[in-house]
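K.L.:
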DNA sequence: ACTTTAATGATCAAGAATGATATCGTCCTA
DNA sequence: TAGGACGATATCATTCTTGATCATTAAAGT
């Protein structure tokens, strides 16, 4: 499933045209991103929750040279499925 | 951020009332859930991707009795942030 | 339809998530 | 608006993801 599938779904279930449906999807995505950027937790009961936490992992790996690499720490988004998605 | 915040955002950016905005959000959520239930991958470029994988963890822990518990295996939803959310 | 550009896969080691359950805190439906 | 239902938390050992890079696959904008 890709973004366009969601747009088509809205188009089908509502009375909006493609452009309008797309703008709705974009609005939602922008809203979600903005919330996460602000370190806000997102909780959609019955679907899932997203939480921003700080990363502690401080290394990675270079495949070609086969050795470790130091990595700058940052943030991480923790995804947790809700009840409806727990036992799929 | 909770579901209602998204509804309000749609209400603000469009010309729809609360009920209409809510139904749009529900439509999208149902569509996403249905996709995951069918083991389909979801990929929204610039936002994130969701993939269903099989669980291999086969144990847990009883806090009160402080001992291990056998767990039935199942599925798991893997969440991967897209480029816009990689360095938030 | 075509092009652009993001996502995936592979690799390894250490840090992190998973999983059951009861209680507390909070979303959201009636 | 209020209570009912769902989510967060803590616990520990094992499984799993993270992280950089580049080629390959594919999303999505034109």
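Chains as they are written, first to last, in my numbering: chain D, -15 to 72; chain R, -15 to 72. Where a beta carbon is used, it is the ideal one built from N, C-alpha and C, also for glycine. Keep in mind the model is a prediction, meaning the values are calculated, not measured.
Would residue -6 (chain R) be called buried (16 or more neighbouring beta carbons within 10 Å of its own) or exposed?
P.N.:
Stepping through the second chain from its first residue, residue -6 (chain R) is reached at position 10. Buried: at least 16 other Cβ atoms inside 10 Å.
K.L.:
Starting from residue 21 (chain D), find everything on chain R with Cβ-Cβ shorter than 7 Å and list it in chain order.
P.N.:
Residue 21 (chain D) sits at position 37 when you count from the first residue of the first chain. Near residue 21 (chain D) (Cβ distances below 7 Å), the residues of chain R are 72.
K.L.:
Using a beta-carbon distance below 7 Å, is residue 55 (chain R) in contact with chain D?
P.N.:
The residue given as residue 55 (chain R) occupies position 71 in the second chain. Chain D, which has no Cβ nearer than 7 Å to the Cβ of residue 55 (chain R), makes this no.
K.L.:
Looking at residue 36 (chain R) and residue 59 (chain R), is the spacing between their C-beta atoms short of 7 Å?
P.N.:
Mapped onto the second chain, residue 59 (chain R) falls at position 75. Mapped onto the second chain, residue 36 (chain R) falls at position 52. Going by C-beta atoms, residue 59 (chain R) is nearer than 7 Å to residue 36 (chain R).
K.L.:
What beta strand (DSSP E) runs, 3 residues minimum, are completely inside the stretch 18 to 42 of chain D?
P.N.:
Counting whole runs of 3 or more residues, the stretch 18 to 42 of chain D contains the beta strand (DSSP E) stretches 26 to 28 and 32 to 38.
K.L.:
Could you check if residue 38 (chain D) is buried or exposed, using at least 16 other CB atoms within 10 Å of its CB as the buried criterion?
P.N.:
Position 54 of the first chain, counted from the start, is the residue given in the question as residue 38 (chain D). Residue 38 (chain D) comes out exposed.
K.L.:
Residue 15 (chain D) touches chain R at which residues, Cβ-Cβ below 8 Å?
P.N.:
What you label residue 15 (chain D) is simply residue 31 of the first chain in a count that begins at 1. The answer, in chain order, is -15, -11, -10 and -7.
K.L.:
Drop a sphere of 10 angstroms on the beta-carbon of residue 32 (chain D), count the other beta-carbons inside from all chains shown, and report buried for 16 or more, exposed for fewer.
P.N.:
Residue numbering aside, residue 32 (chain D) sits at position 48 when the first chain is read from its first letter. Burial call: buried.
K.L.:
Does any C-beta atom of chain D lie closer than 7 Å to the C-beta of residue 27 (chain R)?
P.N.:
As a first step, residue 27 (chain R) is located in the second chain; it is residue number 43 there, counting from the start. Taking Cβ atoms only, chain D reaches closer than 7 Å to residue 27 (chain R), which makes this a yes.
K.L.:
Between the stretch -12 to 7 of chain R and the stretch 18 to 26 of chain R, do three or more beta carbon pairs fall short of 8 Å?
P.N.:
Output reads no: the stretch 18 to 26 of chain R does not touch the stretch -12 to 7 of chain R.
K.L.:
Have a look at residue 8 (chain D) and residue -12 (chain D) and give me their C-alpha separation to the nearest angstrom.
P.N.:
In the first chain, counting from the first residue as 1, residue 8 (chain D) sits at position 24. In the first chain, counting from the first residue as 1, residue -12 (chain D) sits at position 4. Rounded to whole angstroms, residue 8 (chain D) to residue -12 (chain D) spans 12 Å at the Cα level.
K.L.:
Taking its Cβ as the centre, do 16 or more other Cβ atoms sit within 10 Å of residue 12 (chain D), making it buried, or is it exposed?
P.N.:
As a position in the first chain, residue 12 (chain D) is number 28, starting the count at 1. Per the 10 Å Cβ criterion, buried.
K.L.:
Would you give the residue range spanned by the beta strand (DSSP E) that residue 51 (chain R) belongs to?
P.N.:
Locating residue 51 (chain R) in the second chain gives position 67, counting from the first residue. Taken as a continuous stretch (DSSP letters only), the beta strand (DSSP E) holding residue 51 (chain R) covers 51 to 54.
K.L.:
Starting from the beta carbon of residue 46 (chain R), find every residue of chain D whose beta carbon is closer than 9 Å, and list them in chain order.
P.N.:
By one-based count along the second chain, residue 46 (chain R) stands at place 62. The contacting residues do not exist; residue 46 (chain R) stays about 19 Å from chain D at best.
K.L.:
Can you list the residues of chain R that residue -3 (chain D) reaches, using a CB-CB cut of under 7 Å?
P.N.:
Here the question's residue -3 (chain D) lines up with position 13 in the first chain. Within chain R, the residues near residue -3 (chain D) are 11.
K.L.:
Where does residue 47 (chain R) sit, in a helix, a strand or coil, going by DSSP?
P.N.:
Here residue 47 (chain R) refers to the residue found at position 63 of the second chain. Correct three-state label for residue 47 (chain R): coil.
K.L.:
Beta-carbon of residue 35 (chain D) versus every beta-carbon of chain R: anything under 7 Å?
P.N.:
The count along the first chain starts at 1 and reaches residue 35 (chain D) at position 51. Judged by the 7 Å Cβ criterion, residue 35 (chain D) is not in contact with chain R.
K.L.:
Could you name the residues that DSSP lists as bridge partners for residue 102 (chain D)?
P.N.:
Residue coverage of chain D in this structure runs from -15 to 72, which leaves residue 102 (chain D) outside it and unanswerable.
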